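Residue numbers (the UniProt record's numbering), protein chains in the order written: chain A, 1 to 251; chain B, 1 to 287. Here's the structure we're looking at; comments come further down.
Written as structure tokens, this is what we have:
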């Protein structure tokens, strides 16, 4: 038990648009925290704040604090590259680079200075095994990653994230482009990964949140409406809007 | 009835589009066959080997070899494309990745505008500015040289390479950049290791078109890089070249046709090789 990420009165604007309003939240270590809510409620914006991917949007302004292991990540002289190493991200659409499987996986360590071929080989094998992909691709590491199936590509992207030894992995609707079988493989994987990593997952799929997460936050129009244990949110929501959403009255 | 009419209309449109697509191929083919027919005499009379690899062009003795012309044309094309790549790719990277929108919105149309300046204007500027400054800097007699030709043609090929590479780089999906940044890569690492390799097929297309432009220009090169006869094969970048286009001025007409045939074959082969490399790369990465 322990708090990995603490969000304190966090606000975010894209230009005039107040996208996140006074967010307070604690993300627990080695647990899966799910973020649910209708489209445009700020879920993606929120997890992109946790590794400062929103910095890439020029008009983005923030107020408030996010602490990662007690370190304020919006501090001016924070090394954002190290932060992103420690807070990895898997995206909605599988986005392997147009390179070989091997080059995709070894990309992260290489940009951070690892040149030793033996070490890279080891990292490739270890992370592909961790992402439950090794058995399917170990005989075609030199083949293009774009030749893999969608589900394999997504697991490849998970493996790629693991290579730089993150503490936290952010999943931004990782299964929305995948078929049910690939989806269940990714869900199994997430359950395994939480042993070693802290996981935050944005999902459109309520069943998915219920299946894999320990905590759930319900976002609406840039605000957290309710945050608690997944069991409580789904069985006994305290806010009417949460109940309406999870029972499918709107969405 | 109406369905039938619709089908006829569909078919008609398809046929028209097919004709449009095939017509350019037919034109190229006709030119090729025509040159082959007219130039055959040059090959028969001089011998294929002697004609292509001969270094002497002497009316008196009746020996006609076009090696210096082929080498001259190839050199100036390589020089120009090299120049255009060295200056063009960094410009394209700046425009697509780094330029703030306000600056990009001014620079991009300006670069495109460069493409519509008639080549004769470039030739004139080349003579007035380029040759003069080369003469002053390198103590040359008149400045006509491989170097001058390469720079001028390179400048002319720049807009093509910049515009097409810029489009190719911009077209690299945002997902890939984010994937790289999310691993803790810097912007430059992302550009160099993910964006540029992903844009290579497009950049190669730009280069192919630039080669076409550089190899095909006449006016500017005549004024800045060329001697009409007896230039031979140059020994340094400061020496002038003989070029394939000069055949129009030379004596036996069939030799001119033969040379034109060699020129068009060369351009085709170079383009074909570039296209094959590009498609192989794309296929290898399934990109």
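All C-beta atoms, glycine included, are put in the ideal place defined by N, C-alpha and C. Quick caveat: nothing in here was measured; it's all calculated off a predicted structure.
When the distance is taken between beta carbons, is residue 67 of chain B closer than 8 Å to residue 55 of chain B? To locate residue 55 of chain B, count along the second chain from 1; it is residue 55. To locate residue 67 of chain B, count along the second chain from 1; it is residue 67. Contact: yes.
N- and C-terminal bounds of the beta strand (DSSP E) containing residue 6 of chain A: Locating residue 6 of chain A in the first chain gives position 6, where the first residue counts as 1. Going by DSSP, residue 6 of chain A is part of the beta strand (DSSP E) stretching over 3–14.
Residue range of the alpha helix (DSSP H) that includes residue 133 of chain B: Taking the second chain and counting its residues from 1, one reaches residue 133 of chain B at position 133. From DSSP, the alpha helix (DSSP H) with residue 133 of chain B extends over 132–138.
Other residues of its chain near residue 114 of chain A: CB distance less than 7 Å, five sequence neighbours each side excluded: Position 114 of the first chain, counting from 1, holds the residue named residue 114 of chain A. Excluding sequence neighbours, residue 114 of chain A sits near 120.
Backbone secondary structure at residue 56 of chain B - three-state DSSP: The residue you call residue 56 of chain B lines up with position 56 of the second chain. Correct three-state label for residue 56 of chain B: coil.
Tell me the rounded alpha-carbon separation between residue 118 of chain B and residue 105 of chain B. Counting from 1 along the second chain, the entry for residue 118 of chain B is found at position 118. Counting from 1 along the second chain, the entry for residue 105 of chain B is found at position 105. Distance between the alpha carbons of residue 118 of chain B and residue 105 of chain B: 24 Å.
Excluding the 5 residues preceding and the 5 following residue 161 of chain B in the sequence, name in chain order all residues of the same chain whose CB lies nearer than 6 Å to its CB. Sequence index remark: in the second chain, residue 161 of chain B carries index 161 (1-based). Once the five neighbours on either side are set aside, the close Cβ partners of residue 161 of chain B are 84, 88, 206, 210.
If you measure from the beta carbon of residue 182 of chain B to each beta carbon in chain A, is any gap under 8 Å? Here residue 182 of chain B refers to the residue found at position 182 of the second chain. True, the Cβ-Cβ gap to chain A drops below 8 Å.
For residue 32 of chain A, the three-state DSSP class (helix, strand or coil): Within the first chain, residue 32 of chain A is the residue found at index 32, counting from 1. Strand at residue 32 of chain A.
Which runs of the beta strand (DSSP E) at least 3 residues long sit entirely within the segment 163–239 of chain A? Give them in chain order. 168–172, 198–202, 215–220, 223–229
8 Å Cβ cut-off: residues of chain B touching residue 51 of chain A: Taking the first chain and counting its residues from 1, the one referred to as residue 51 of chain A is at position 51. Within 8 Å Cβ-Cβ: 182.
Of all the options B/90, B/38, B/124, which has the alpha carbon lying nearest to the alpha carbon of residue 218 of chain B? Your numbering for residue 218 of chain B matches position 218 in the second chain. When each option's Cα is compared against that of residue 218 of chain B, the closest is B/124.
What in chain A is Cβ-close to residue 170 of chain B, meaning under 7 Å? One-based indexing of the second chain puts residue 170 of chain B at position 170. Going along chain A, no residue has its Cβ under 7 Å from residue 170 of chain B, so there is no contact; the nearest lies around 15 Å.
Contact between the segment 226–235 of chain A and the segment 65–81 of chain A is defined here as three or more beta-carbon pairs at a separation below 8 Å; is this criterion met? Contact fails: fewer than three Cβ-Cβ distances are below 8 Å.
Taking the straight line between their C-alpha atoms, what separation do you get for residue 87 of chain A and residue 48 of chain A? For this step, residue 87 of chain A is matched to residue 87 along the first chain. For this step, residue 48 of chain A is matched to residue 48 along the first chain. Cα to Cα, residue 87 of chain A sits roughly 10 Å from residue 48 of chain A.
DSSP three-state call for residue 65 of chain A: helix, strand or coil? As a first step, residue 65 of chain A must be located in the first chain, where it is residue number 65. Residue state, collapsed to three classes: strand.
Closer than 8 Å, CB to CB, is residue 102 of chain A near chain B or not? Taking the first residue of the first chain as 1, we reach residue 102 of chain A at position 102. It does not: the Cβ of residue 102 of chain A has no partner Cβ on chain B nearer than 8 Å.
Would you verify that the beta carbon of residue 107 of chain A is, or is not, closer than 8 Å to some beta carbon of chain B? Here residue 107 of chain A refers to the residue found at position 107 of the first chain. So, interface residue.
Does the distance from the C-beta atom of residue 166 of chain B to that of residue 96 of chain B stay below 8 Å? If you number the second chain from 1, residue 166 of chain B lands on position 166. If you number the second chain from 1, residue 96 of chain B lands on position 96. Their beta carbons are under 8 Å apart, which means residue 166 of chain B touches residue 96 of chain B by this criterion.
Exposed or buried, what is residue 153 of chain B when buried is set at 16 or more other beta-carbons lying within 10 Å of its beta-carbon? As a first step, residue 153 of chain B is located in the second chain; it is residue number 153 there, counting from the start. Classification of residue 153 of chain B: buried, given that the 10 Å Cβ count is 16 or more.
Identity of the residue in A/94, A/39, A/131 nearest residue 281 of chain A by Cα: Within the shown structure, residues of chain A are numbered from 1 to 251, placing residue 281 of chain A beyond reach of any answer.
In the segment 187–199 of chain B, which residues sit with their C-beta less than 8 Å from some C-beta in chain E, listed in chain order? The displayed structure is made up of protein chains A and B, and chain E is not among them.
Measuring CB atoms only, is the segment 221–232 of chain A touching the segment 176–192 of chain A, in the sense that at least three cross pairs come out at less than 8 Å? They do not touch, by the three-pair rule.
Residues sharing a beta bridge with residue 87 of chain A, DSSP: Within the first chain, residue 87 of chain A is the residue found at index 87, counting from 1. According to DSSP, residue 87 of chain A bridges with A/168.
Which residues does DSSP list as the beta-bridge partners of residue 267 of chain A? Outside the displayed range of chain A (1 to 251) lies residue 267 of chain A, so it cannot be described from this structure.
Residue ranges of each alpha helix (DSSP H) run of no fewer than 4 residues wholly in the segment 46–129 of chain B, ordered along the chain? Secondary structure in the segment 46–129 of chain B: the alpha helix (DSSP H) runs of 4 residues or longer, each lying completely within the stretch, are 48–53, 67–93, 101–114, 119–125 in chain order.
According to DSSP, is residue 14 of chain B part of a helix, a strand, or is it coil? Here residue 14 of chain B refers to the residue found at position 14 when the second chain is read from its first residue. Of the three classes helix, strand and coil, the one that applies to residue 14 of chain B here is helix, per DSSP.
For residue 18 of chain A, the residue or residues it bridges with in DSSP: Translated into the one-based positions of the first chain, residue 18 of chain A becomes position 18. A/13, per the DSSP bridge assignment.
Under DSSP, the alpha helix (DSSP H) around residue 170 of chain B begins and ends at which residues? As a working mapping, residue 170 of chain B is identified with position 170 in the second chain. Counting along the chain, the alpha helix (DSSP H) containing residue 170 of chain B begins and ends at 146–170.
Alpha-carbon to alpha-carbon, residue 92 of chain B and residue 190 of chain B: As a first step, residue 190 of chain B must be located in the second chain, where it is residue number 190. As a first step, residue 92 of chain B must be located in the second chain, where it is residue number 92. Residue 190 of chain B and residue 92 of chain B: Cα-Cα distance of roughly 15 Å.
If you measure from the beta carbon of residue 150 of chain A to each beta carbon in chain B, is any gap under 8 Å? As a working mapping, residue 150 of chain A is identified with position 150 in the first chain. No - not a single Cβ of chain B is within 8 Å of the one on residue 150 of chain A.
Using three-state DSSP, classify residue 241 of chain B as helix, strand or coil. Looking up residue 241 of chain B in the second chain gives position 241. If DSSP states are grouped into helix, strand and coil, residue 241 of chain B belongs with the strands.
Closer than 8 Å at the beta carbon, the chain A residues around residue 167 of chain B: Residue numbering aside, residue 167 of chain B sits at position 167 when the second chain is read from its first letter. Under the 8 Å cutoff, chain A gives no residues; its nearest Cβ is about 17 Å from residue 167 of chain B.
Taking contact to mean 3 or more Cβ pairs, one atom from each stretch, closer than 8 Å, check whether the segment 188–198 of chain A and the segment 39–53 of chain A are in contact. no
Can you pull the chain B neighbours of residue 91 of chain A, defined as C-beta to C-beta under 7 Å? Position 91 of the first chain, counted from the first residue, corresponds to residue 91 of chain A. Simply 175, 178, 179.
Any chance the segment 123–134 of chain A sits against the segment 153–167 of chain A, with 3 or more Cβ pairs inside 8 Å? yes
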